[in-house]
Amino acid sequence: MKFILLFGALLFSTLYSSQSTSCSDLVSYAKSEDPYPDRVSPYGSTMIAKAEFYQVEGGGLVIAYLKSNEYDYSGKPYIFCGISRERWAKFKSVGMYDGWGEAFHQYIMDHTCDCN
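This is the structure:
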């Protein structure tokens, strides 16, 4: 069991740190490790259509669907790596009370994945 956890952590860190890693491979890996992500649909946000948190060995991954304008209801997906469960929880709690955009900039934005 320890070998599997170690292998998963090494694979995630390799995918996360590699400049040639494709974003779709990273997302596929996260979805295979956590098929039931924690999701938020920030009602009333002019910036975020929805966000999903995937818990994987070696860290968390967030896919945030950012709006191009106030009438964009689906958003464009952007991937953020190295998000801890605690950081995700703070994003959700602060977002509900102080605004989703502010919470996103405070807890998620600086963790853009290095993938293509």
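Per the working numbering, residue 1 is the first one in the sequence shown, and the count goes up by one each step. Just so it is clear, CB atoms sit at the ideal spot from N, CA and C, and this is done for glycine as well.
Query                                                                                                                    : Result
Exposed or buried, what is S45 when buried is set at 16 or more other beta-carbons lying within 10 Å of its beta-carbon? : buried
Quick check on E57: does DSSP put it in helix, strand or coil?                                                           : coil
Between G75 and K50, how many whole angstroms is the CB-CB distance? I'm expecting something under 8 Å.                  : 7 Å
State the DSSP-derived secondary structure class of C23, mapped to helix, strand or coil.                                : helix
Quick one: Cα of K90 to Cα of D110, how far?                                                                             : 15 Å
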